[in-house]
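J.: Count along the sequence shown from 1, then add 80; that gives the number in the numbering used here. Glycine residues also receive a C-beta, built at the ideal position from the N, C-alpha and C atoms. Before we start, here is the structure in question, set down as structure tokens.
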Amino acid sequence: MKYINYFVYLTIIAVTILASIIYFSFKTKVGRIDKKEIIDKGTSFEPCSSTIYQYYGTKAGYRTERYGIRKVISEPIQQLNFPNFSGNINVRFVINCKNEIGYFRIKAVDQDYKKVEISNDLQKKIVAIIQQLNDWNGKNEDSYYQIQIKLKNGKVEDIF
Numbered sequence: 081m082k083y084i085n086y087f088v089y090l091t092i093i094a095v096t097i098l099a100s101i102i103y104f105s106f107k108t109k110v111g112r113i114d115k116k117e118i119i120d121k122g123t124s125f126e127p128c129s130s131t132i133y134q135y136y137g138t139k140a141g142y143r144t145e146r147y148g149i150r151k152v153i154s155e156p157i158q159q160l161n162f163p164n165f166s167g168n169i170n171v172r173f174v175i176n177c178k179n180e181i182g183y184f185r186i187k188a189v190d191q192d193y194k195k196v197e198i199s200n201d202l203q204k205k206i207v208a209i210i211q212q213l214n215d216w217n218g219k220n221e222d223s224y225y226q227i228q229i230k231l232k233n234g235k236v237e238d239i240f
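Structure (structure tokens):
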């Protein structure tokens, strides 16, 4: 009986440790980016390592947070032409350990959350505007970041 208790106890400890390892590896590590999706191809941007953490798993971000992001990109984004588009544009990119940004990817959905294609020209203009953001507080690791642009009838309603 004594040996069965030890076996059960050790099994519980082993399962707990294994579950913790799996949980934290999935929580922080993100798979490789498909370079076919990257908009800013041909730039010198490179992540510092092969591990890119999710934005919520690190303290990386913009120093003045949403206020600073809006202050820099709000006016240029509003000047872009989104003809009668209503929905969200998600701009996802990487902040590397040197506080540089790159590997931009853009996805757009309409109000019904159906995927919408936006032109390559418009995507490049959005990336050029976001590249004006230069006050990142990245740590000694690479991290994803994302900016959402909410539109209604072609007008920018919010940037978050």
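Name, in chain order, the residues that DSSP records as bridge partners for glutamine 226.
T.: Counted from its first residue, the sequence shown places residue 226 at position 146. Note: glutamine 226 sits in a beta bridge opposite Arg172.
J.: Please state whether the Cβ-Cβ distance between asparagine 217 and asparagine 164 is less than 8 Å.
T.: Mapped onto the sequence shown, residue 217 falls at position 137. Mapped onto the sequence shown, residue 164 falls at position 84. No; because the gap between Cβ atoms is not below 8 Å, this pair is not in contact.
J.: Do isoleucine 227 and valine 174 have their CB atoms nearer than 8 Å?
T.: Reading the sequence shown from its first residue, position 147 is the one you call residue 227. Reading the sequence shown from its first residue, position 94 is the one you call residue 174. Cβ atoms of isoleucine 227 and valine 174: not closer than 8 Å.
J.: What's the gap between the Cα of asparagine 220 and the Cα of asparagine 179?
T.: For this step, residue 220 is matched to residue 140 along the sequence shown. For this step, residue 179 is matched to residue 99 along the sequence shown. If I take the Cα positions, the gap works out to 9 Å.
J.: Is the beta carbon of aspartate 215 closer than 8 Å to that of tyrosine 142?
T.: Taking the first residue of the sequence shown as 1, we reach residue 142 at position 62. Taking the first residue of the sequence shown as 1, we reach residue 215 at position 135. Yes, these two residues count as a Cβ contact at 8 Å.
J.: Can you look up alanine 188 in the DSSP assignment and give me helix, strand or coil?
T.: Numbered from its first residue, the sequence shown carries residue 188 at position 108. Looking at alanine 188 - three-state DSSP - the assignment turns out to be strand.
J.: Which whole-angstrom value describes the C-beta separation of asparagine 168 and isoleucine 229, a residue pair presumed to lie in contact below a C-beta threshold of 8 Å?
T.: If you number the sequence shown from 1, residue 168 lands on position 88. If you number the sequence shown from 1, residue 229 lands on position 149. Confirmed, about 7 Å.
J.: Looking at the unbroken beta strand (DSSP E) that takes in glutamate 237, where does it start and where does it end?
T.: Your numbering for residue 237 matches position 157 in the sequence shown. Looking at the DSSP string, the run of the beta strand (DSSP E) that includes glutamate 237 is 235 to 239.
J.: Could you tell me the boundaries of the alpha helix (DSSP H) in which asparagine 200 lies?
T.: Numbered from its first residue, the sequence shown carries residue 200 at position 120. Where asparagine 200 is concerned, the enclosing alpha helix (DSSP H) stretches over 200 to 210.
J.: Determine the DSSP secondary structure at leucine 98, reduced to helix, strand or coil.
T.: Translated into positions along the sequence shown, residue 98 becomes position 18. DSSP places leucine 98 in helix when its eight states are reduced to three.
J.: Which first and last residues belong to the alpha helix (DSSP H) in which glutamate 28 is found?
T.: Residue 28 is absent from the model: the chain starts at 81 and stops at 240.
J.: Measure the C-alpha to C-alpha separation of serine 154 and valine 171 and round it to an integer number of angstroms.
T.: The count along the sequence shown starts at 1 and reaches residue 154 at position 74. The count along the sequence shown starts at 1 and reaches residue 171 at position 91. Their backbone Cα atoms lie some 14 Å apart in a straight line.
J.: Cβ atoms of proline 156 and isoleucine 209: under 8 Å apart, would you say?
T.: Residue 209 sits at position 129 when you count from the first residue of the sequence shown. Residue 156 sits at position 76 when you count from the first residue of the sequence shown. For isoleucine 209 and proline 156, yes; Cβs fall inside 8 Å.
J.: State buried or exposed for arginine 185, treating a residue as buried only when at least 16 other CB atoms are found within 10 Å of its CB.
T.: Residue 185 sits at position 105 when you count from the first residue of the sequence shown. When all chains shown are included, arginine 185 counts as buried.
J.: How big is the Cα-Cα spacing for isoleucine 198 and alanine 188?
T.: On the sequence shown, residue 198 is found 118 positions in, with the first residue counted as 1. On the sequence shown, residue 188 is found 108 positions in, with the first residue counted as 1. Cα to Cα, isoleucine 198 sits roughly 7 Å from alanine 188.
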